[in-house]
Amino acid sequence: MDRRFQPGDAITLRELWRGRVFEARPMIVVQDDPDQTTLFLPGGVRCGVPVGEDGSSLRLPDRPWRLEVRPRGDQPILSFAWPDTPYSVLLWTAEDRRRVWYVNLEDPVERTPIGFDTVDHALDVVIQLDRSSWRWKDEEELAEAVRDGLFSEAEAVDFYVWGERAIDRVLAGEPPFDRDWEDWRPDPGWPVPELGDGWDADPGE
Numbered sequence: 400m401d402r403r404f405q406p407g408d409a410i411t412l413r414e415l416w417r418g419r420v421f422e423a424r425p426m427i428v429v430q431d432d433p434d435q436t437t438l439f440l441p442g443g444v445r446c447g448v449p450v451g452e453d454g455s456s457l458r459l460p461d462r463p464w465r466l467e468v469r470p471r472g473d474q475p476i477l478s479f480a481w482p483d484t485p486y487s488v489l490l491w492t493a494e495d496r497r498r499v500w501y502v503n504l505e506d507p508v509e510r511t512p513i514g515f516d517t518v519d520h521a522l523d524v525v526i527q528l529d530r531s532s533w534r535w536k537d538e539e540e541l542a543e544a545v546r547d548g549l550f551s552e553a554e555a556v557d558f559y560v561w562g563e564r565a566i567d568r569v570l571a572g573e574p575p576f577d578r579d580w581e582d583w584r585p586d587p588g589w590p591v592p593e594l595g596d597g598w599d600a601d602p603g604e
């Protein structure tokens, strides 16, 4: 699918697991060019999240789940993704309320009629906004996913390789990290995004 979205379009970014929707977030397109896609996730929007049979939230697709629509936290997120690149980089607010670069290891995003699909790889990286330090995040979660057979050990090694490449990209100040994004603000005329029609339909349905 080659259709490009326009700035201000509301789309749905979905995380899949083995052909099923595991999570869905309504977002706004900031940029959708052949070499980069930039998306904005406002705070407080209603997302599709996975819950177990008892209604508890799930971190990993390690047991049966269903989807519920729930409001997310109030912190906005700006995300950058690139073709054939198995990670995205987010401008994120950490638990201490400081802004950080957050590398999310994942399958390269694929276009759909309502937005984009990907598969999360569990492993993440947190990089200080001034690039003074960085750390791996959710290593235990990835190790658990490997033990549970969700990923192979070889895949986990590959995730670390791509994480290091993402770290190098940010630390080197390669575009778009060659400018200050901390003061970026969304267009006030953009809509509050909602989950697109059919957001919970598994691919192929």
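Every position in the sequence shown, counted from 1, becomes a number in the numbering used here once 399 is added.
All residues carry an ideal CB built from backbone N, CA and C; glycine is no exception.
In this text the structure is predicted, and so the values were computed from the model without any measurement.
Close CB contacts of D586 within its chain, under the 6 Å cut and outside five residues either way in sequence, are absent. Of the other Cβ atoms in all chains shown, 16 or more fall within 10 Å of the Cβ of D537; this residue is therefore buried.
In this structure, the beta-carbon distance from P425 to C446 falls below 8 Å. By the neighbour-count criterion, in which a residue is buried when 16 or more other Cβ atoms sit within 10 angstroms of its Cβ, R568 is buried. Residue range 552–570 is occupied by the alpha helix (DSSP H) that includes I566.
Within the same chain, Cβ atoms closer than 8 Å to the Cβ of G418 are found at D601, P602, G603, the five residues on either side in sequence being excluded. DSSP, reduced to helix, strand and coil, places V545 within a helical segment of the structure shown.
For E414, the enclosing beta strand (DSSP E) stretches over residues 409–416.
Its chain contains W481 as the residues whose beta carbon lies nearer than 6 Å to that of Q435, once the 5 sequence neighbours on both sides are disregarded; these appear in chain order. With 16 or more other CB atoms across the displayed protein chains lying within 10 angstroms of its CB, V420 is buried. Restricting attention to L541, L489, R471, D453, the CA atom closest to the CA of L594 is found in R471. Ranking D431, A409, D432, R465 by CA distance to the CA of P441 puts A409 first.
Assigned with DSSP and collapsed to three states, E573 falls in coil, not helix or strand.
By the Cβ rule, the stretch 573–580 does not count as touching the stretch 548–564, because fewer than three pairs are nearer than 8 Å. Using a 10 angstroms sphere on the CB of W583, the tally of other CB atoms stays under 16, which defines it as exposed. Annotation: the continuous beta strand (DSSP E) that includes S487 extends over 486–492. Runs of beta strand (DSSP E) with 3 or more residues, each lying fully within the stretch 473–538, are found at 476–480, 486–492, 498–505, 509–511, 514–517, 519–527, 533–536, listed in chain order. Contact check for G562 against L522 passes: the beta carbons are separated by less than 8 Å. In its chain, beyond the 5 residues on either side, L459, A521, F550 have a beta carbon closer than 6 Å to the beta carbon of A544. Excluding the 5 residues flanking it on each side, E540 has same chain C-beta neighbours closer than 8 Å at R458, L459, A521, L522, in chain order. With fewer than 16 other CB atoms across the displayed protein chains lying within 10 angstroms of its CB, E467 is exposed.
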